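Residue numbers for the sequence shown follow the working numbering, beginning at 1 and rising by one. We put the beta carbon where it would ideally sit given N, CA and C, even for glycine. Quantities reported herein were computed from a predicted structural model and do not represent experimental measurements.
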Amino acid sequence: MNELIQLFNDIHLILERYEQIRKEKGENYNLFQVINMTNDETRVHSALIADLLNPHGHHQMDNVFLQSFINRLNGQSPCKLSFAYENVKVECEKYIGPKTETSRGRLDLYITDGRNHIVIENKIYATDQENQLLRYHNYLKQYKNCDTMLLYLSLDGEVHDLEKTTGGENINFFTISYGDFILNWLEDCGRIAHDKPMISEGIRQYKNLIKILTHQMESEKNELIELIKANPQYICFLPKFKDAIKEVEIGLYTDFWTKLETVFQKCDYLPVQQSYDGYKYALDKNYVRTYYESNKCKYQSIEFTIKEFGIYRLMLRVEVDWRTYYGILIRDNNNKIIPIQEVPSIKNPELNSIILQIKELLKDAPDIYHSSNNWLFWKYTTPIINFRDLSDDNCAYNLSKMNETVERIANDIVENINMTMNIYPQEYENRTTR
Numbered sequence: 001m002n003e004l005i006q007l008f009n010d011i012h013l014i015l016e017r018y019e020q021i022r023k024e025k026g027e028n029y030n031l032f033q034v035i036n037m038t039n040d041e042t043r044v045h046s047a048l049i050a051d052l053l054n055p056h057g058h059h060q061m062d063n064v065f066l067q068s069f070i071n072r073l074n075g076q077s078p079c080k081l082s083f084a085y086e087n088v089k090v091e092c093e094k095y096i097g098p099k100t101e102t103s104r105g106r107l108d109l110y111i112t113d114g115r116n117h118i119v120i121e122n123k124i125y126a127t128d129q130e131n132q133l134l135r136y137h138n139y140l141k142q143y144k145n146c147d148t149m150l151l152y153l154s155l156d157g158e159v160h161d162l163e164k165t166t167g168g169e170n171i172n173f174f175t176i177s178y179g180d181f182i183l184n185w186l187e188d189c190g191r192i193a194h195d196k197p198m199i200s201e202g203i204r205q206y207k208n209l210i211k212i213l214t215h216q217m218e219s220e221k222n223e224l225i226e227l228i229k230a231n232p233q234y235i236c237f238l239p240k241f242k243d244a245i246k247e248v249e250i251g252l253y254t255d256f257w258t259k260l261e262t263v264f265q266k267c268d269y270l271p272v273q274q275s276y277d278g279y280k281y282a283l284d285k286n287y288v289r290t291y292y293e294s295n296k297c298k299y300q301s302i303e304f305t306i307k308e309f310g311i312y313r314l315m316l317r318v319e320v321d322w323r324t325y326y327g328i329l330i331r332d333n334n335n336k337i338i339p340i341q342e343v344p345s346i347k348n349p350e351l352n353s354i355i356l357q358i359k360e361l362l363k364d365a366p367d368i369y370h371s372s373n374n375w376l377f378w379k380y381t382t383p384i385i386n387f388r389d390l391s392d393d394n395c396a397y398n399l400s401k402m403n404e405t406v407e408r409i410a411n412d413i414v415e416n417i418n419m420t421m422n423i424y425p426q427e428y429e430n431r432t433t434r
């Protein structure tokens, strides 16, 4: 046990020293973190990548960055593309028609020269959508006698939910990662733009962000490896070390949901504490460990009944799919979720008024509030907790202040529920201080 404690202490000292070095050099300063836009797939990552790839981008360096990208792609993918760079068009968030179950929607990134067509699905932390890759695969089918490529870009180069995004179909696509492909491409871009200070600094800032998101702290990593290799007695404790870390993470996960559930019970919101088809109660002992021991996300959640309207119940759902988010949905008395397209058929004036209020939220702040098949609205919690990656946006720090973090998240949720229910602050205060 003493050796295990010493291992923890030695690791802590190394990390603390490198943190001090970064602080002295100003390496912790990143513009994207300052403006709180580290994970915005559309406005940050897709937009930056698209502009660098675009021969007519703000960099005004023609197609040099695109050529580097295609050369890297040709070196790694099974297909080889031969681009006519003078004809290239790059689009971000390309609209390809009203989304159906198996077609159309929006393409995160689209590159074409008229003969070659590349579609890139860009994932930072967002969940895979139903049939998303299948829809884009079907879109590319129209380009007969052309070379096409469907890319899935994620932090680690892994598809989070293959069955969901492909619809179970066997489709051709190629995965690339931020941690390898994009980071190496940005290294190329930085060398190409070495004599353009503003461009190279922008690339350096973005490269630094990618390293933060993919945890590429090479100096710390190498010294930690040498520490363990130089002390063979530590190797014997690695299994216990890993088990201890896992148990701590499971404990934090359980504490978070327990405290959150308690807060909402005090607000008279009744939790649904029994799992059933389509609902995995986050504190169900059958699922807690499964979430950590499986590579796939399991959509753990807790639902609370906000109000009943005859055969319908308005539900608050707090959910984790890598990251925490919450929203409102409607269930009937058989626990069936009412899909959003069926909601207009519900005839209840009070419920209809709430739905109209939610539509106003979606219209006024589309970057914050979102809707989907089953959600009237959903948004990320404030702060966001990523139980798969405790270094994401200071998750570990937020969880070290568990009570304060849960209170902030609960206040944000209640405030948004109150807006949809037209409950004023004094009414909320009366409710929570009973």
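- For leucine 53, the uninterrupted alpha helix (DSSP H) segment begins and ends at 47-53.
- By the Cβ rule, the segment 404-412 counts as touching the segment 248-264, because three or more pairs are nearer than 8 angstroms.
- Bridge partners of proline 344 according to DSSP: none are assigned.
- The alpha-carbon of cysteine 395 is positioned some 12 angstroms away from that of threonine 381.
- Residue state for phenylalanine 237 is assigned as coil, using DSSP reduced to three classes.
- Using a 10 angstroms sphere on the CB of valine 414, the tally of other CB atoms reaches 16 or more, which defines it as buried.
- Taking lysine 196 as reference, the option from Asn286, Phe377 and His58 with the minimal CA-CA separation is His58.
- Less than 8 angstroms separates the beta-carbon of phenylalanine 65 from that of leucine 53.
- For secondary structure counted as the alpha helix (DSSP H) over 4 or more consecutive residues, the segment 274-302 holds these complete runs in sequence order: 285-293.
- For leucine 162, the closest alpha carbon among the candidates Gly190, Glu130, Phe83 and Asp188 is that of Glu130.
- Considering only Lys80, Val88 and Gln76, the residue with the shortest C-alpha distance to asparagine 63 is Val88.
- In the structure shown, arginine 72 adopts helical secondary structure according to DSSP, grouped into three states.
- Comparing alpha-carbon positions, the option among Asn138, Cys189, Tyr325 and Asn145 lying closest to asparagine 170 turns out to be Asn138.
- With respect to the 8 angstroms criterion, tyrosine 253 and phenylalanine 377 are not classified as neighbours on the basis of their beta carbons.
- In the same chain as glutamate 93, and ignoring 5 residues on each side of it, the C-beta atoms closer than 8 angstroms to its own belong to Thr42, Ser46, Arg106, Leu107 and Asp108, in chain order.
- Annotated as proximal: threonine 420 and isoleucine 328, with beta-carbon spacing under 8 angstroms.
- Beta-bridge partners assigned by DSSP to asparagine 116: Asp147.
- Look at threonine 175 here: in three-state DSSP terms it is strand.
- Take lysine 164, set aside five residues on each side of it, and the residues of its chain with a beta-carbon closer than 7 angstroms to its own are Asp128 and Glu130, in chain order.
- In this structure, methionine 315 lies away from isoleucine 338, with their beta-carbon atoms at least 8 angstroms apart.
- Per DSSP, reduced to three states, the secondary structure at methionine 421 is helical.
- Inter-segment contact for the segment 276-283 and the segment 298-312 is present: three or more beta-carbon pairs are separated by less than 8 angstroms.
- When only Cα atoms are considered, tryptophan 375 and tyrosine 325 end up about 12 angstroms apart.
- For tryptophan 322, the three-state secondary structure derived from DSSP is coil.
- Looking from the CA of aspartate 321, the closest CA among Tyr125, Glu249 and Cys146 belongs to Tyr125.
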